[in-house]
Amino acid sequence: MTVQELPGDTAAYRPTPPPAWQPRTDPAPLLPDPEPYRVLGTESADAVDPELLLRLYAELVRGRRYNAQATALTKQGRLAVYPSSTGQEACEVAAAMALETRDWLFPSYRDTLAAVARGLDPVQALTLLRGDWHTGYDPHEHRIAPLCTPLATQLPHAVGLAHAARLKGDDVVALAMVGDGGTSEGDFHEALNFAAVWQAPTVFLVQNNGFAISVPLAKQTAAPSLAHKAVGYGMPGRLVDGNDAAAVHEVLTEAVERARRGGGPTLIEAVTYRMDAHTNADDATRYRGASEVETWRAHDPILLLERELTRRGLLDDEVRKAASDAAETMAARLRERMNAEPVLEPMDLFAHVYAERTGQLREQAAQLTAELDAAADAEGEAR
Ligand SMILES: Cc1ncc(C[n+]2csc(CCOP(=O)(O)OP(=O)(O)O)c2C)c(N)n1
Ligand SMILES: [Mg+2]
Numbered sequence: 001m002t003v004q005e006l007p008g009d010t011a012a013y014r015p016t017p018p019p020a021w022q023p024r025t026d027p028a029p030l031l032p033d034p035e036p037y038r039v040l041g042t043e044s045a046d047a048v049d050p051e052l053l054l055r056l057y058a059e060l061v062r063g064r065r066y067n068a069q070a071t072a073l074t075k076q077g078r079l080a081v082y083p084s085s086t087g088q089e090a091c092e093v094a095a096a097m098a099l100e101t102r103d104w105l106f107p108s109y110r111d112t113l114a115a116v117a118r119g120l121d122p123v124q125a126l127t128l129l130r131g132d133w134h135t136g137y138d139p140h141e142h143r144i145a146p147l148c149t150p151l152a153t154q155l156p157h158a159v160g161l162a163h164a165a166r167l168k169g170d171d172v173v174a175l176a177m178v179g180d181g182g183t184s185e186g187d188f189h190e191a192l193n194f195a196a197v198w199q200a201p202t203v204f205l206v207q208n209n210g211f212a213i214s215v216p217l218a219k220q221t222a223a224p225s226l227a228h229k230a231v232g233y234g235m236p237g238r239l240v241d242g243n244d245a246a247a248v249h250e251v252l253t254e255a256v257e258r259a260r261r262g263g264g265p266t267l268i269e270a271v272t273y274r275m276d277a278h279t280n281a282d283d284a285t286r287y288r289g290a291s292e293v294e295t296w297r298a299h300d301p302i303l304l305l306e307r308e309l310t311r312r313g314l315l316d317d318e319v320r321k322a323a324s325d326a327a328e329t330m331a332a333r334l335r336e337r338m339n340a341e342p343v344l345e346p347m348d349l350f351a352h353v354y355a356e357r358t359g360q361l362r363e364q365a366a367q368l369t370a371e372l373d374a375a376a377d378a379e380g381e382a383r
């Protein structure tokens with residue numbers, strides 16, 4: 001074993017392990033493919049069920065329209081902020097489709113689309129981003145954890161839930177979504193370590209969209225790939241083309257099934273690209289060039305699917321129109337409902353925070369009650 005000389009006094013450093021030392025796990029089977037795994041445009045595309053390709057297509061078209069509509073709502077002052085997943089729809093949709101109803105999804109703030117593709121009401125999915133009412137939906141009802149803004153904190157939650165389900169004998173899988181930037185968080189490390197040690201039925205999907213706001217991946221990590229990080233925890237790492245909906249769907253489905261069988265967690269890095277700015281509050285032209293964006297436009301997830309469907313004679317004007325009509329209907333309904341003023345109950349601010357209110361929350365609740373009563377009295381007097 002050759003060890004690079006360290007500068008300074010290295011006399012005390014004895015890197016050679018004793019002869020009996022063996023790796024605890026053979027690292028070779030855990031290593032990701034050297035290139036992102038692809039299906040569309042390759043020979044294995046022929047084996048993909050046409051129904052699945054058509055379903056993915058309809059969902060991707062609807063997803064893109066959802067992103068455009070939600071972004072437009074921010075410009076109309078109807079939504080405080082929207083982190084668009086345009087360009088990442090294949091990951092979002094495949095994540096939702098790989099799960100069974102009994103499974104759990106742990107999304108980040110960028111994964112509204114995955115929640116909607118899983119069946120969540122599109123308006124409820126935006127409630128948090130409008131700043132209206134907590135999570136906006138009942139996580140237990142939908143088995144979708146709150147869209148998580150603090151980076152990577154959803155990952156230990158996912159592991160805890162998966163581990164608890166396993167202890168109870170439920171064959172539930174937790175799929176946790178995180179960005180490339182989120183992999184630098186301590187929570188990422190803790191979650192993956194616990195998941196591997198406990199063999200918790202968890203799947204980690206990292207959407208490597210190239211940036212953490214303005215920070216490019218090259219400034220985020222020196223690892224060969226984010227998928228390689230899996231090996232250090234003792235779980236398999238998979239590297240997949242995140243714009244290839246068939247490939248992401250296959251890799252995620254395999255990982256979910258493996259976790260359900262008791263095979264333990266998987267870390268998946270989906271290589272994709274954030275086509276829009278970080279959110280509507282960001283100007284991406286300040287840190288990246290137009291030519292980079294154009295290169296990715298040629299590798300657009302919808303375009304890749306359209307090519308495959310056309311090659312197999314599955315895409316005609318009727319299929320296109322059905323997908324775009326369904327997307328337009330969804331967008332029109334979303335617009336209409338988001339333009340209606342929500343009915344909000346201010347005291348709900350204190351509901352669902354803790355099972356038992358803390359002293360500070362009780363104080364704040366009393367203060368708000370007094371303010372609301374005073375406002376009501378003032379209104380009464382003014383009449
Ligand atoms: C713990 C924590 N630190 C910092 C932030 C501020 N922040 C919000 S988004 C973001 C970038 C995250 O990038 P990435 O994980 O790649 O996800 P993406 O936005 O690209 O989907 C940062 C630093 C935060 N939300 N939480
Ligand atoms: Mg990112």
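Its first residue numbered 1, the sequence shown is counted upward by one per residue in the UniProt record's numbering.
Every residue gets a Cβ at the ideal spot worked out from N, C-alpha and C, and that includes glycine.
* What are the start and end residues of each continuous beta strand (DSSP E) run of 3 or more residues lying completely inside the segment 181-240, in chain order? -> Segments of the beta strand (DSSP E) lying fully in the segment 181-240: 202-208.
* Val178, DSSP secondary structure in three states -> Note: Val178 maps to strand in three-state DSSP.
* To do: Rounded to whole angstroms, what's the CA-CA distance from Tyr273 to Trp296? Just pull it up for me.
  => 7 Å
* With DSSP run on the structure shown, which of helix, strand or coil describes Ala355? -> coil
* **Proximity below 8 Å, CB of Val39 to CB of Ala223** => no
* To do: Check Leu314 in the structure and name its three-state DSSP category.
  => coil
* Alpha-carbon to alpha-carbon, Leu147 and Pro346 -> CA-CA distance, Pro346 to Leu147, rounds to 21 Å.
* Asked: What number of angstroms, rounded off, separates the C-alpha of Glu318 from the C-alpha of Ser324?
  -> Between the alpha carbons of Glu318 and Ser324 lies a distance of about 10 Å.
* Asked: What is the DSSP secondary structure of Trp21, counted as helix, strand or coil?
  -> coil
* Is DSSP giving Trp296 helix, strand or coil here? -> helix
* **Complete alpha helix (DSSP H) runs within the segment 116-185 (minimum length 4 residues, chain order)** => 122-130, 139-142 and 154-168
* Asked: If you draw a straight line from the alpha carbon of Ala68 to that of Gln199, how long is it in whole angstroms?
  -> 39 Å
* Give me the Cα-Cα distance between Thr127 and Pro18, rounded to the nearest whole angstrom. => Cα to Cα, the separation comes out at about 58 Å.
* Closer than 7 Å: Ser225 CB and nearest ligand 1 heavy atom -> no
* What residues come near ligand 2, if near means a beta carbon less than 7 Å from any of its heavy atoms? -> Gly179, Asp180, Gly181, Gln207, Asn208, Asn209, Gly210, Phe211, Ala212 and Arg274
* Over the uninterrupted alpha helix (DSSP H) stretch that includes Val39, give me the two end residues. => No alpha helix (DSSP H) holds Val39; DSSP gives it neither H nor E.
* DSSP three-state assignment for Leu368, whether helix, strand or coil -> helix
* To do: Would you mind reading off the limits of the beta strand (DSSP E) that contains Val343?
  => Unbroken run through Val343: none, as it is neither H nor E.
* On the DSSP bridge assignment, give the partners of Thr266 in chain order. => Val203
* To do: Would you tell me roughly how many angstroms separate the C-alpha atoms of Val293 and Met275, rounded to the nearest one?
  => CA-to-CA, the gap between Val293 and Met275 works out to about 7 Å.
* Short check: CB of Pro301 to CB of Ala245, under 8 Å? -> Taking 8 Å as the cut-off, the Cβ atoms of Pro301 and Ala245 count as close.
* To do: Just mark Gln207 as buried or exposed, buried being the case when its beta carbon has 16 or more other beta carbons within 10 Å.
  => buried
* To do: Between the Cα of Arg110 and those of Phe211, Ala47 and Pro34, spot the shortest distance and give me the residue it belongs to.
  => Phe211
* Looking only at DSSP bridge pairs, what is Ser108 linked to? -> DSSP, once it has assigned bridges, lists Cys148 as partnering Ser108.
* Under 8 Å, do Ala96 and Ala125 count as touching if we go by C-beta distance? -> no
* Give the single residue among Gly234, Ser108, Val93 and Ala45 whose Cα lies nearest to the Cα of Pro29. => Measuring from the Cα of Pro29, the nearest candidate turns out to be Gly234.
* To do: Return the CA-CA distance between Ala259 and Val123, expressed in angstroms with no decimal places.
  => Our two residues, Ala259 and Val123, have alpha carbons roughly 32 Å apart in a direct line.
* **Segment contact flag, the segment 131-143 with the segment 91-105, C-beta cutoff 8 Å, min 3 pairs** => yes
* Asked: The alpha helix (DSSP H) spanning His249 covers which residue range?
  -> Ala245 to Arg260
* **Same chain only: Cβ atoms within 7 Å of Glu250, ignoring 5 sequence neighbours per side** => Val39
* Asked: When you compare each of His163, Ala80 and Gln88 to Ala270 by their alpha carbons, which one comes out closest?
  -> Gln88
* **Complete alpha helix (DSSP H) runs within the segment 47-87 (minimum length 4 residues, chain order)** => 50-75
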